[in-house]
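Residue numbers (this note's numbering): 23 to 167. Cβ atoms here follow ideal geometry from the backbone N, Cα and C, with glycine treated the same way.
Quick look at the structure:
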């Protein structure tokens with residue numbers, strides 16, 4: 023599936039952080055219901071893509087367990103998919119989270135480590151066959167060094 027093909031205009035990505043410590047929204051959307059409502063509001067306001075994140079990458083952020091990140095993001099992705107057919111992105115560095123997210127309805131894997139977090143990232147991306155956004159981050163989230 024090629025969601026990120028050339029488009030006649032810039033696309034707007036709406037951010038749905040399902041974390042209590044988000045630097046962009048202060049943790050206002052850290053329940054499944056609040057996150058789905060926020061995502062649908064972003065679509066109403068013109069977002070073309072929704073990016074769902076369950077682990078903060080702000081400087082000083084503590085790591086989140088694999089189980090917690092999946093519990094935060096998978097139900098939100100499934101809930102958004104039930105109400106909206108547009109592109110959904112999972113913002114994660116963990117290949118296991120990406121695999122569950124794609125199974126729940128995500129179309130894109132947005133990885134701040136450019137698939138460098140785990141040796142399993144590149145093979146997982148190939149197996150999933152979804153579009154991948156490779157981002158750059160200096161160091162690790164805790165220090166950004």
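Next item on the list: Give the DSSP bridge partners of residue 111, in chain order.
Entry: For the purposes of this step, residue 111 is identified with residue 89 of the chain shown, where counting begins at 1. 73 and 130, per the DSSP bridge assignment.
Check: Terminal residues of the continuous alpha helix (DSSP H) containing residue 101?
Finding: As a first step, residue 101 is located in the chain shown; it is residue number 79 there, counting from the start. Run containing residue 101: 88-105, per the alpha helix (DSSP H) assignment.
Check: Can residue 40 and residue 98 be called in contact, C-beta distance under 8 Å?
Finding: Residue numbering aside, residue 40 sits at position 18 when the chain shown is read from its first letter. Residue numbering aside, residue 98 sits at position 76 when the chain shown is read from its first letter. Yes, these two residues count as a Cβ contact at 8 Å.
Next item on the list: Taking only the alpha-carbon atoms, compute the straight-line gap between residue 142 and residue 64 and give it to the nearest angstrom.
Entry: In the chain shown, residue 142 corresponds to position 120, counting from 1. In the chain shown, residue 64 corresponds to position 42, counting from 1. Note on geometry: alpha-carbon atoms of residue 142 and residue 64 lie some 32 Å from one another.
Note to self: Could you check whether residue 113 and residue 70 sit closer than 8 Å to each other, using their CB atoms as the reference points?
What the structure shows: Locating residue 70 in the chain shown gives position 48, counting from the first residue. Locating residue 113 in the chain shown gives position 91, counting from the first residue. Between residue 70 and residue 113, the C-beta spacing is not below 8 Å.
Margin query: Less than 8 Å between the C-beta atoms of residue 120 and residue 131, yes or no?
Written below: Here residue 120 is taken as the residue at index 98 of the chain shown, counted from 1. Here residue 131 is taken as the residue at index 109 of the chain shown, counted from 1. A contact, by the Cβ cut-off of 8 Å.
Notebook entry, point to check: Which word fits residue 94, buried or exposed, when buried means at least 16 other C-beta atoms lie within 10 angstroms of its C-beta?
Noted result: Stepping through the chain shown from its first residue, residue 94 is reached at position 72. By the 10 Å Cβ count, residue 94 comes out buried.
Next item on the list: In the DSSP assignment, find the unbroken beta strand (DSSP E) run with residue 156 in it and report its ends.
Entry: Working through the chain shown from its first residue, we reach residue 156 at position 134. That run of the beta strand (DSSP E) goes 153-156.
Next item on the list: Run the CB neighbour count on residue 109, radius 10 Å, all protein chains shown included, and call it buried at 16 or more, exposed below.
Entry: To locate residue 109, count along the chain shown from 1; it is residue 87. Buried is the call here.
Margin query: Can you find the residues in the same chain that come closer than 8 Å, C-beta to C-beta, to residue 67, ignoring five residues on each side of it along the sequence?
Written below: The residue you call residue 67 lines up with position 45 of the chain shown. Exclusion of the five residues before and after residue 67 leaves 36 as the residues of its chain whose Cβ lies within less than 8 Å of its Cβ.
Checklist line | Rounded straight-line distance, which links the Cα of residue 115 to that of residue 136 | finding: For the purposes of this step, residue 136 is taken as residue 114 along the chain shown, with counting starting at 1. For the purposes of this step, residue 115 is taken as residue 93 along the chain shown, with counting starting at 1. Each residue's alpha carbon lies about 8 Å from the other.
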